[in-house]
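Have a look at the structure below, then the notes.
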């Protein structure tokens, strides 16, 4: 698929394969310049990750969680990740064009949500630049108590908040957002939606959250 699209890629060196502990790997960039690596034959670590706070993370076949990246062109991103890399479009959200610097009467911008496993989305794109290239990274824990305990710790340690506790419309995630030293946000949540592509129909969400998720706290803390 990369060859058909004319996307250049490099094969990993022996040293890189040893460092990543994989059999084969290629490296390339997406249309917005985000660096990607595709591999197979990973050596697995079978020791459990034990949190000092007792949390258990929801990973396994759902992977790490999800990441939202910035893109310069939402149409390019949709084509590349859906039609070239094979991600499944699970959800979309129409954004006011002026939010991303376009004329008010211009074409809407789209926030797209893609899946590659049962998790509602593992990848999403916001069509506006961010300094780090990452909008946020989400990690999921097993229950609401774990989310609340983490929120308490973050507030005690005066971690800047980006959004209050809330529940999203599309993936039903109960979560809050906090700022990281790296210049992007971490969403810490639970109860995320799993989907089956045999009966899932991609849809358009018209709201970010069912309740909560006041993102204005992020600008107040800046």
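Numbering (this note's numbering), first residue to last: 2 to 223.
We put the CB at the ideal spot given by N, CA and C, even for glycine.
Owing to the predicted nature of the structure, the values given are computational and were not obtained by experimental measurement.
Under 8 Å by Cβ, that's how I've got residue i and residue j pegged, so tell me the actual separation to the nearest angstrom.
i: residue 66; j: residue 138; result: 7 Å
i: residue 115; j: residue 157; result: Not really, about 36 Å apart at Cβ, beyond 8 Å.
i: residue 24; j: residue 42; result: 3 Å
i: residue 187; j: residue 140; result: 7 Å
i: residue 194; j: residue 121; result: 4 Å
i: residue 203; j: residue 91; result: 6 Å
i: residue 133; j: residue 112; result: Between residue 112 and residue 133 the Cβ distance is about 18 Å, and since that is not below 8 Å, they are no contact.
For residue i, report the span of its alpha helix (DSSP H) as first-last.
i: residue 95; result: Not the alpha helix (DSSP H): residue 95 falls in the beta strand (DSSP E), residues 89 to 96.
i: residue 18; result: 15 to 21
i: residue 78; result: 75 to 79
i: residue 6; result: 3 to 6
Taking only the alpha-carbon atoms, compute the straight-line gap between residue i and residue j and give it to the nearest angstrom.
i: residue 153; j: residue 28; result: 40 Å
i: residue 211; j: residue 78; result: 27 Å
i: residue 150; j: residue 55; result: 10 Å
i: residue 201; j: residue 119; result: 11 Å
i: residue 31; j: residue 38; result: 11 Å
i: residue 161; j: residue 189; result: 14 Å
i: residue 148; j: residue 123; result: 20 Å
i: residue 70; j: residue 14; result: 27 Å
i: residue 131; j: residue 46; result: 33 Å
i: residue 196; j: residue 171; result: 11 Å
i: residue 181; j: residue 103; result: 29 Å
i: residue 34; j: residue 184; result: 18 Å
i: residue 135; j: residue 129; result: 11 Å
i: residue 4; j: residue 74; result: 21 Å
i: residue 173; j: residue 159; result: 27 Å
i: residue 155; j: residue 126; result: 26 Å
i: residue 2; j: residue 198; result: 22 Å
i: residue 220; j: residue 164; result: 10 Å
How is the beta strand (DSSP E) around residue i delimited, first residue to last?
i: residue 38; result: 36 to 41
i: residue 57; result: From DSSP, residue 57 is part of no beta strand (DSSP E); its letter is neither H nor E.
i: residue 165; result: 162 to 169
i: residue 27; result: 25 to 30
i: residue 215; result: Where residue 215 is concerned, there is no enclosing beta strand (DSSP E), given that its DSSP letter is neither H nor E.
i: residue 175; result: 175 to 180
i: residue 189; result: 186 to 191
i: residue 206; result: 204 to 206
i: residue 67; result: 67 to 71
query: Using 8 Å as the Cβ pair cut-off and three pairs as the minimum, do the segment 81 to 100 and the segment 58 to 71 touch?
result: no
field: Every unbroken beta strand (DSSP E) inside the segment 103 to 151 [3 residues or more]
entry: 110 to 116, 124 to 127 and 135 to 142
- request: Say whether the segment 213 to 222 touches the segment 98 to 118, bearing in mind that this needs 3 or more beta-carbon pairs closer than 8 Å, one atom from each stretch.
  value: no
message: For the pair the segment 171 to 178 and the segment 80 to 87, tell me if three or more CB-CB distances fall below 8 Å.
response: no
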